[in-house]
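Let me begin by presenting the structure, written as structure tokens, before commenting on it.
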Amino acid sequence: MAKIHPTAIVEDGAVLADDVEVGAYAYIGKDVKIGAGTIVAHHATVEGLTTMGENNQVYPYAFVGGKTHDLKYVGGEPGLVIGNNNVFREYTTVHLATKEGENTIVGNFNNFLAYSHVAHDCIVGDHIIMSSHAALAGHVVVGDHAVIAWSSGAHQFSRIGKYAMISAMTKQVKDLPPYFISDGNPATVCTINKINMQRNGFTTEEIDIAYSAFKLIYKRRLSRPNAIAELKSRADASSRIIQDLLAFMETPSERGLA
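Read in order, the letters of the sequence shown correspond to residues 930 to 1187 in my numbering.
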């Protein structure tokens, strides 16, 4: 059976795998499902229609599965789906979606540091780091291996590409393409995320391609259609770097490209 501290509250209906641990004064709601190896520390809360996978860690005072802040909420049971091997540090908040039958989604191997916030209807990929006090507004989409630094914020409906980085204290109001770094208030794209790429096994040639593409898009000040056309005409257009950039730039956007 799950290891549940005598002072914890686990509502009838909650489904916990046999080796789940629930600490002192923690609260688990009636609609929650938690997978094997997950630890919910003392004073933490997991509630709402939340499905959490295996080997997650929920630290003290984190609040996972809170009701959406969206004023369009009219009732029902929207959900939250969380994968495996995530860390939710102290005072982290992750909210349910807004509409019945829809979910906020968090992938795998993510690290959410203290006071970080994932709002309603976000889609968060894998291997993402959110530093302390960083926040995603509603409907933000974050690609794999992205980094969201301390006290930065992403606007509703914005997108953050894979391996990208939002610098500390940055106001991200538009989409940030893959492999690039944004900085400032409002954010501007300033360079490529070279360190992240090196850490994740990209070759020197691929890093050079990313930097060349950055200069094409942001130094030549091409319009979005012209930048896309030039990227497609390059000799390295078939590389994964250019293909990722094209896929991101050609996807319809609510906010426009940074």
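Glycine included, C-beta positions come from ideal geometry on N, C-alpha and C.
Close-in-space but distant-in-sequence residues of the same chain around residue i (CB under 6 angstroms, 5 per side omitted)
i	result
ILE1058	ASN1040 and VAL1076
ASP1055	GLY1036, ASN1037, PHE1038 and ASP1073
VAL944	LYS962
LYS1028	PRO1007
TYR1044	TYR1020, SER1061 and HIS1062
VAL1010	THR980, ASN1032 and ILE1034
LEU978	ASP960, GLU1006 and GLY1008
Whole-angstrom C-beta distance between residue j and residue i, which should lie under 8 angstroms
i	j	result
GLY958	VAL975	7 angstroms
LEU1145	GLU1159	6 angstroms
GLU950	ALA991	About 14 angstroms separates the two Cβ atoms, so there is no contact after all.
TYR954	ALA931	Not a contact, Cβ separation roughly 16 angstroms.
LYS1100	ARG1184	Rounded, the Cβ-Cβ distance is 12 angstroms, inconsistent with contact.
ASN1125	TYR1092	5 angstroms
SER1182	ILE1138	Contact doesn't hold; Cβ gap of about 23 angstroms is too wide.
Residue i (DSSP reduced to helix, strand or coil)
i	result
LEU1009	strand
ALA965	coil
GLN1172	helix
ALA1156	helix
SER1111	strand
ILE1057	coil
LYS1100	strand
TYR1020	coil
GLU940	coil
PHE1041	strand
GLN1029	Checking the sequence, you will find Glu at residue 1029 rather than Gln. Note: GLU1029 maps to coil in three-state DSSP.
TYR1002	coil
TYR988	coil
GLU950	strand
TYR1092	coil
N- and C-terminal bounds of the alpha helix (DSSP H) containing residue i
i	result
MET930	Segment: none, MET930 is in no alpha helix (DSSP H) and carries neither H nor E.
THR1133	1133 to 1143
MET1126	1123 to 1128
Beta-carbon proximity list for residue i, same chain, < 7 angstroms, skipping 5 on both sides
i	result
SER1080	HIS1062, ALA1063, ALA1097 and MET1098
ARG1153	MET1178 and LEU1186
Heavy atom of the ligand MG within 8 angstroms of residue i beta-carbon
i	result
VAL1076	Summarising the ligand content, the structure contains no ligands, and the ligand MG is consequently not present.
Start-to-end residues for the beta strand (DSSP E) that takes in residue i
i	result
PHE992	992 to 995
ASN1032	1032 to 1035
LEU978	978 to 981
Chain C within 9 angstroms of residue i, Cβ atoms only
i	result
ASN1114	Given the protein chain composition of this structure (a single chain), no chain C is represented.
Sequence-distant residues of its chain with Cβ nearer than 8 angstroms to residue i (five each side left out)
i	result
ASP947	MET930, ALA931 and ALA965
ASN1013	GLY964, GLY982, GLU983, ASN984, ASN985, ASN1037 and PHE1038
THR1117	SER1111 and ALA1187
GLN1172	ALA1166
So, does the segment 1082 to 1100 touch the segment 1162 to 1169, judging by three or more C-beta pairs under 8 angstroms? no
Cβ contact check for the segment 1011 to 1028 and the segment 990 to 999: 3 or more pairs under 8 angstroms: yes
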